[in-house]
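Asker: Okay, here's the structure, questions in a sec.
Residue numbers (the UniProt record's numbering): 1 to 111.
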């Protein structure tokens, strides 16, 4: 999810040093489980990854991405209201960044 606060900052996490695409920035989120809708997935994933419960969110963009070995669909949700304070609940560092601080090269190709 694209978690945006009242200062127009985005909460972003960084992949672990030993993870695939180490140290790259990423929007918190994950996979949709077979039994859930994309909307249910964003709520569950943000609870699991950054400890917040989205209250108001909307679809920002949906992208199809082709990797050499698979095809994925990315759902980007804009989250502007939530319960809790976001933090890297799974051990990943997280921080608030201004929009101008977000550089495309710091993200994996599909993020």
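The beta carbon of each residue, even a glycine, is placed where N, CA and C say it ideally should be.
Because the structure is a prediction, the values reported are computed rather than measured.
Would you say residue 95 faces chain D, with C-beta separation under 8 Å as the test?
Answerer: Absence of chain D from the displayed structure is noted, only one protein chain being present.
Asker: Give the straight-line distance between the Cα atoms of residue 87 and residue 46, rounded to the nearest whole angstrom.
Answerer: Using only the alpha carbons, I get a separation of about 10 Å.
Asker: By alpha-carbon positions, which one of 4, 43, 14 ends up nearest to residue 90?
Answerer: Comparing Cα positions, the closest option is 14.
Asker: Helix, strand or coil: which one does DSSP assign to residue 14?
Answerer: Correct three-state label for residue 14: strand.
Asker: When the Cα atoms are used, what is the spatial distance from residue 56 to residue 79?
Answerer: So the two alpha carbons sit approximately 6 Å from each other.
Asker: Looking at the structure shown, is residue 44 part of a helix, part of a strand, or coil, going by DSSP?
Answerer: Reduced to three states, the DSSP call for residue 44 is helix.
Asker: So residue 1 packs on residue 54, CB below 8 Å; how close in whole Å?
Answerer: At roughly 7 Å, the Cβ-Cβ gap stays under 8 Å, so residue 1 and residue 54 are in contact.
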